[in-house]
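Residue numbers (full-length UniProt numbering), protein chains in the order written: chain A, 1 to 348; chain B, 1 to 348.
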DNA sequence: ACGCGCACGGAAAGCGCTTACTGATCATGA
DNA sequence: TCATGATCAGTAAGCGCTTTCCGTGCGCGT
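This is how it looks when you write it as structure tokens:
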């Protein structure tokens, strides 16, 4: 603000004919105040439309209502879903959520932590995959340690290697493994994976899990049947195109995220391949709308909003030990029409 | 924060052997400081990992880096898309974005404004439709006026009746009118609308626009062919189901948002109706993914991210006059495969 | 050689709150 | 009746910064 004229505690005190201390006590009811004064103060406050300056409060109380939430891309339904849950929980505890969207920029992620440290945020929520990158882990770890050292709390959603933080962990690995198993049960023997950037822990975990599941059935993934793409629709499209270029041998495809799966579906269609008649397709996350694709997408459902709520709740709950807390969230394989037994002829 | 031990300006000053004032001057380079001192200060600051307390800064400077963003539901791709643009712009100007998600609760919306006033936010962005509700307009107007009176800036995205604020206005009405025209040109004569809650200005505008477009061709919308539903996927589903129950006479449906259209599509399909063979379907917004539906959705494309950027930019730019500024954003009709000429037999 | 102005650093007064601490006032028990 | 606590309101000292106002020390002109 620039123009003065903001109503202050002092103003309220004068209007009510009491001391600032009394006003503060009434407004926060932090001590007994005689009924008549209390009334006067309340009346003055409402008539002046007084709103406490939260910066001043933060300064005086040495604690703020701010919590920071950092995600890769608020435009991605996966993050949007989780943050939805965070917002629900936050508004129940009336916290001020400061949002950071990194757009995949690691530096910016670290910068956001610094900024939130500056805001004396009560907690920071790291939503989304960490990076498989030692330098980043080091730098981010340092920044977070500073924050934690001054009493901050950090909760991550997804695995963040190298960071010692509390976490809500979607079980990417076991979820992908179960998905693989389900596909094997459907009769598939030849698979391909449209994976995310190898630098993202989540991508690595899902790929590893899918391999696990196949391994249990004695099936291996041929290296040329694993293609990396960006963690979004177009990344899926590009990866699928590349896969087709290499020669598609699989009867079942696993896209590391639903968003990628959408792109994969489009690519397959453009190449005249039918899902699931020619090839089955699976995703991961169960973001809204994939049930409305044609065909509806088989995927591993993660309770996104719930994940957000739990992360927020965990950050609010003071840890009892110094050990990092961990909550695991299971994914649930949801079979829809994008998967079917392989065509009798084998692959197209 | 609770544990003291936070590095303060004072600490840096001592470490550098200078006065706090000098440190402040160096860090904000707000005045000339001799090179050697500057070095010492900078060195001390980095070695202590100093981060200024933004609350203290806000207090001392009587201005903060916070901007507030209020939307209905961060989980909705429409809002997520706009906010994506907002975040981009914000991070370029390194502002701290405080997010509010009202979940359609009008009271909470007003409460958020109060909270942001408390944070002395530089600007508040109201993303999403206003309400056709005099009481709300009154209450919200009062709250915003207070905010503006103390130097705050408010920019709305979408029309907010009764509020005197700057705005970025997606041209809902003309967009819907053009869409209607395009459908008429395709040969349709019988229409139905799955509209949003009548309490939302955006819903009202889109419906009115569609009527405008039809009127130009001398076509009227039968009252029983307009059904209201919630502004989301399930609202569309429910509205379409109701429409079918009433007896579907239209050959072309207009859903007030893409999200609703997705639900409509599902409902039609469940009732054995094919799009576009039996009935054409159109939406509004062009959120990601609707181009990947089967059939891809005809809709009015709004540049969501751009809208977000412009709203943020407008809020940052100080207005020159007292008149409220307005920027209009045109939608663009995008014809996709969900629309086709009506079946020769008329409606199914 | 002297006085003047300029460049730069420090002291100190806030910004708007919270919260010991102090001091009245009043009711109680001996 | 008077000391003894409770109760409750006010005073004032910060919280961590910014910024105005001064004062110092230097270079310069004459």
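All C-beta atoms in this analysis are idealised placements derived from N, C-alpha and C, irrespective of residue type, glycine included.
DSSP, reduced to helix, strand and coil, places residue 166 (chain B) within a strand of the structure shown. With contact defined as three or more Cβ pairs closer than 8 Å, the stretch 122 to 137 of chain B and the stretch 157 to 164 of chain B are in contact. Sequence-distant partners of residue 48 (chain B) (beyond 5 residues in either direction) whose C-beta falls short of 7 Å from its own C-beta, in its chain, are 7, 11, 12, 15. Chain A has a Cβ within less than 7 Å of the Cβ of residue 114 (chain B). Counting every other CB atom within 10 Å of its CB across the protein chains shown gives residue 216 (chain B) a total below 16, marking it as exposed. Residues of the stretch 271 to 305 of chain A with a C-beta less than 8 Å from any C-beta of chain B: 288, 289, 292, 293, 294, 305, listed in chain order. Annotation: the continuous alpha helix (DSSP H) that includes residue 184 (chain B) extends over 172 to 185. A direct Cα-Cα distance of roughly 5 Å separates residue 264 (chain A) from residue 237 (chain A).
Your pair residue 76 (chain B) and residue 259 (chain B) checks out as a contact, with CB atoms roughly 7 Å apart and the cut at 8 Å. Taken through DSSP and simplified to helix, strand or coil, residue 235 (chain B) comes out as helix. With a beta-carbon spacing of about 16 Å, residue 147 (chain A) and residue 108 (chain A) fall beyond the 8 Å limit used to define contacts. For the 7 Å CB-CB criterion, residue 315 (chain A) and residue 84 (chain A) do not form a contact. Counting along the chain, no beta strand (DSSP E) covers residue 55 (chain A); the unbroken alpha helix (DSSP H) around it starts and ends at 54 to 61. Residues of chain A with a Cβ closer than 7 Å to the Cβ of residue 83 (chain B) are, in chain order, 74. Under the DSSP definition of a beta bridge, residue 73 (chain B) lacks any partner.
Beta-bridge annotation (DSSP): residue 153 (chain B) is paired with B:123.
The beta carbon of residue 200 (chain B) lies closer than 6 Å to those of 129 in the same chain, with the five residues before and after it left out. The C-beta distance from residue 257 (chain A) to residue 231 (chain A) rounds to 6 Å, short enough to meet the 8 Å contact threshold. Fully contained in the UniProt domain "HTH lacI-type" (7 to 61) of chain B are the following alpha helix (DSSP H) runs of length 4 or more, in chain order: 9 to 16, 20 to 27, 35 to 47, 54 to 61.
Contact between residue 126 (chain B) and residue 90 (chain B) fails: their C-beta atoms lie close to 15 Å from each other, not under 8 Å. Using a 10 angstroms sphere on the CB of residue 326 (chain A), the tally of other CB atoms stays under 16, which defines it as exposed. Under DSSP, residue 254 (chain A) forms a beta bridge with A:193, A:282. Around the Cβ of residue 318 (chain B), a 10 Å sphere holds fewer than 16 other Cβ atoms; the residue is exposed. Taking a contact as a CB-CB distance under 8 Å, the pair residue 173 (chain A) and residue 145 (chain A) does not count as one, their CB atoms being some 27 Å apart. Not flagged as an interface residue toward chain B: residue 104 (chain A), since no C-beta distance is shorter than 7 Å. Interface flag for residue 118 (chain B) against chain A is set, since a Cβ pair is found closer than 7 Å. For residue 55 (chain A), at least one C-beta of chain B is nearer than 7 Å to its own C-beta.
With respect to chain B, the C-beta atom of residue 101 (chain A) has a partner C-beta closer than 7 Å. Residue 307 (chain A): member of the alpha helix (DSSP H) spanning 304 to 316, first to last residue. Closer than 7 Å to the CB of residue 8 (chain A) there is not a single CB belonging to chain B. If you check the CB distance, residue 310 (chain B) and residue 168 (chain B) come in under 7 Å. Taking a Cβ-Cβ cut-off of 8 Å, the neighbours of residue 265 (chain A) in chain B comprise 292, given in sequence order.
Three or more beta-carbon pairs separated by less than 8 Å are not found between the stretch 286 to 300 of chain B and the stretch 55 to 64 of chain B, which leaves the two stretches without contact. Here the alpha carbon of residue 194 (chain A) sits roughly 28 Å from the alpha carbon of residue 336 (chain B).
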